[in-house]
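2 protein chains.
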Amino acid sequence: MNNIDFNKRIILALDVDDVEFAKNWVQLTKSRIKFYKVGLQLFLKGGLNFVKWLKDQDVDVMLDLKLFDIPRTVNAALEQVKDYADYITVHSRMKIMKEIPENVRHKILGVTVLTCFDNDDLTYDGCSFSPKTLVLKRAKYAIYNKCAGVVASGLEITDLRERFGNEFKMIVPSIKLEKPRDDDQARVVTYKQAFKDGADHIVVGRPIIQSDDPMDLIERVQENMRYIVKREKRKEEEDDWELSDLGRHYSQEYE
Amino acid sequence: MNNIDFNKRIILALDVDDVEFAKNWVQLTKSRIKFYKVGLQLFLKGGLNFVKWLKDQDVDVMLDLKLFDIPRTVNAALEQVKDYADYITVHSRMKIMKEIPENVRHKILGVTVLTCFDNDDLTYDGCSFSPKTLVLKRAKYAIYNKCAGVVASGLEITDLRERFGNEFKMIVPSIKLEKPRDDDQARVVTYKQAFKDGADHIVVGRPIIQSDDPMDLIERVQENMRYIVKREKRKEEEDDWELSDLGRHYSQEYE
Chain D
1 MNNIDFNKRI
11 ILALDVDDVE
21 FAKNWVQLTK
31 SRIKFYKVGL
41 QLFLKGGLNF
51 VKWLKDQDVD
61 VMLDLKLFDI
71 PRTVNAALEQ
81 VKDYADYITV
91 HSRMKIMKEI
101 PENVRHKILG
111 VTVLTCFDND
121 DLTYDGCSFS
131 PKTLVLKRAK
141 YAIYNKCAGV
151 VASGLEITDL
161 RERFGNEFKM
171 IVPSIKLEKP
181 RDDDQARVVT
191 YKQAFKDGAD
201 HIVVGRPIIQ
211 SDDPMDLIER
221 VQENMRYIVK
231 REKRKEEEDD
241 WELSDLGRHY
251 SQEYE
Chain V
1001 MNNIDFNKRI
1011 ILALDVDDVE
1021 FAKNWVQLTK
1031 SRIKFYKVGL
1041 QLFLKGGLNF
1051 VKWLKDQDVD
1061 VMLDLKLFDI
1071 PRTVNAALEQ
1081 VKDYADYITV
1091 HSRMKIMKEI
1101 PENVRHKILG
1111 VTVLTCFDND
1121 DLTYDGCSFS
1131 PKTLVLKRAK
1141 YAIYNKCAGV
1151 VASGLEITDL
1161 RERFGNEFKM
1171 IVPSIKLEKP
1181 RDDDQARVVT
1191 YKQAFKDGAD
1201 HIVVGRPIIQ
1211 SDDPMDLIER
1221 VQENMRYIVK
1231 REKRKEEEDD
1241 WELSDLGRHY
1251 SQEYE
């Protein structure tokens, strides 16, 4: 489990179309949250001016444009925004990822499979892989090309960590703060499960913005998160200790 | 073959990152060209302000953002830009297309398969379809959901017209004005072939912008295009005539 400031583990998704409203949310929450996501909706309204303002608040910014075009255009687009955001999302395909200039890759998050797609959607589109297999494959394009990390649903975190270790950022969108009900997103988990499985960051928008007491909610989630992360870290240390103990035991035997 | 103003058949791709440069190009060419494409590169620089300026020049605008996100976000993004562009591109997937509000669909162009992807890229991504099969499948999501049309490579025009008729706009990007050489785009054709096969519009950028005499080039391409379109229309009429003649012949036989 990676060491990450607790106030950067929740990425607050500013999924609104009113720039002033978004600014108010940042002002309200920035004492506890230091990482914000600007998606297509707000970006198309506020443009780079809003992103610049956001960076001036001394927070991290994920610009979630989900670029998906020919390499020349993706790179031209990245050139326009790379200095204003800490992370920028690009749909992860080998042909696109390997063409991204090396000096930008540390800011790129590879989008694997949109959380709204389930197995049927992939089959329908001619894909013979399960969502999980496809996520692993596309994550590889991002990770092997030394991008910052990947965006994938909570259902794939365990497999991604198992396969690729901890040397990349694992961002989980579409997070529910409670158990998911029917929604437009097929592959979602709760934040507790996500952190337990090894997520670095979760993206949360509406559940906070529509909450009656958002600051209290953020505080509670951060408390739970802190507890889960500590517990998982302790487990990792115990595993390490057991492994090294086992190692000592074996070496004694063979001495 | 659809009836389209000749000065709207070439869509000039403003694939530059300098707003003033783009404006100069529009001023220079708008006597002959009445349809412009704004892609990610220029949009990220000039934003909606540039798009508004462009609309004020009394030309058609294709906003080529290639949106590809969960339906809620795609629709929120469309809401921000729908009043400023005549056409907006969205990656064509059933789950996304069918959720687009009905009052926006007449502006939506469904992107099928990026011209940079070849058969190997699809196989690599778990897709068992050929590019052509996948283009036809994704075009269907756009056409059956009553979108304005589709963006597909020149290699698939004939099949698309055969399968879906003429009741949708067929836009062909990555057009070369000469025979294609090695490039970053795997599936490209010349404009002559594209119009012969039934394209409504071709998207051309660099070949015009980098030309020594762009206005002369545009004039020549438009002349050739006019000739090809006329010839194809005459062929269609002759086919119709032959068919109706054959029909008459048969009806006489059965009288």
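The listed protein sequences derive, respectively, from chains D and V. The working numbering puts the first residue of the first sequence at 1, with every later residue one more than the last. The working numbering puts the first residue of the second sequence at 1001, with every later residue one more than the last. A virtual CB, placed ideally from N, CA and C, is assigned to each residue, including glycine.
Item: Nearest to residue 1099 of chain V (by Cα), restricted to the options V:1144, V:1221, V:1200, V:1026; Value: V:1144
Item: Exposure of residue 28 of chain D, with buried meaning 16 or more beta-carbon neighbours within 10 Å; Value: exposed
Item: The alpha helix (DSSP H) enclosing residue 143 of chain D, as first and last residue numbers; Value: 131-144
Item: Distance between beta carbons of residue 191 of chain D and residue 221 of chain D, contact taken as under 8 Å; Value: 6 Å
Item: Chain V contact residues for residue 41 of chain D, given Cβ-Cβ distances below 8 Å; Value: 1073, 1076, 1077, 1079, 1080
Item: Alpha-carbon to alpha-carbon, residue 1 of chain D and residue 23 of chain D; Value: 32 Å
Item: For residue 1177 of chain V, the three-state DSSP class (helix, strand or coil); Value: coil
Item: Cβ of residue 70 of chain D within 8 Å of any chain V Cβ; Value: yes
Item: With 16 other Cβ atoms within 10 Å as the buried cut-off, status of residue 1242 of chain V; Value: exposed
Item: Any chain V beta carbon closer than 8 Å to residue 255 of chain D; Value: Unreliable positioning characterises residue 255 of chain D in this predicted model, as indicated by a pLDDT of 40, which lies under 50. A coordinate reading is not provided.
Item: Residue burial classification, residue 1223 of chain V (beta-carbon count within 10 angstroms, cutoff 16); Value: exposed
Item: Straight-line gap, residue 94 of chain D to residue 146 of chain D (C-alpha atoms, nearest Å); Value: 12 Å
Item: Beta-carbon proximity check, residue 1044 of chain V vs residue 77 of chain D, cutoff 8 Å; Value: yes
Item: First through last residue of the beta strand (DSSP E) which encompasses residue 168 of chain D; Value: Element bounds for residue 168 of chain D: n/a, residue is neither H nor E.
Item: DSSP beta-bridge partners of residue 1109 of chain V; Value: V:1089, V:1149
Item: Supposed contact pair residue 54 of chain D and residue 33 of chain D - C-beta distance, whole angstroms, cut 8 Å; Value: That pair is no contact at about 12 Å.
Item: Residue 117 of chain D at chain V interface by Cβ criterion, 8 Å; Value: yes
Item: Neighbour list for residue 133 of chain D in chain V, Cβ cutoff strictly below 8 Å; Value: 1126
Item: Same chain, Cβ closer than 8 Å to residue 1236 of chain V, five either side skipped, listed in chain order; Value: 1001
Item: Span of the alpha helix (DSSP H), counted from its first residue to its last, around residue 1021 of chain V; Value: 1019-1029
Item: Proximity below 8 Å, CB of residue 196 of chain D to CB of residue 232 of chain D; Value: yes
Item: Coarse secondary structure for residue 117 of chain D, derived from DSSP in three states; Value: coil
Item: In chain order, each beta strand (DSSP E) run of at least 3 residues that lies wholly inside the segment 57-104 of chain D; Value: 60-67, 87-91
Item: is_contact[residue 1160 of chain V, chain D] using C-beta, thresh 8 Å; Value: no
Item: DSSP-derived helix/strand/coil call for residue 1016 of chain V; Value: coil
Item: Residue 23 of chain D at chain V interface by Cβ criterion, 8 Å; Value: no
Item: Between the CA atoms of residue 18 of chain D and residue 127 of chain D - distance to the nearest angstrom; Value: 38 Å
Item: Buried/exposed call for residue 1238 of chain V, threshold 16 Cβ in 10 Å; Value: exposed
Item: Assigned secondary structure, residue 1189 of chain V (DSSP; H/G/I helix, E/B strand, else coil); Value: coil
Item: Whole-number beta carbon distance between residue 1157 of chain V and residue 1203 of chain V, since they are thought to touch under 8 Å; Value: Not confirmed; about 13 Å, so no contact.
Item: Residue 1126 of chain V - DSSP class collapsed to helix/strand/coil; Value: coil
Item: Any C-beta of chain D under 8 Å from that of residue 1091 of chain V; Value: yes
Item: Where residue 213 of chain D meets chain V, residues with beta-carbon distance less than 9 Å; Value: Simply none; closest approach about 24 Å.
Item: Proximity test, Cβ basis, 8 Å: residue 54 of chain D and chain V; Value: no
Item: For residue 1240 of chain V and residue 1069 of chain V, the rounded distance between their alpha carbons; Value: 44 Å
Item: Where residue 121 of chain D meets chain V, residues with beta-carbon distance less than 9 Å; Value: 1093, 1094, 1095
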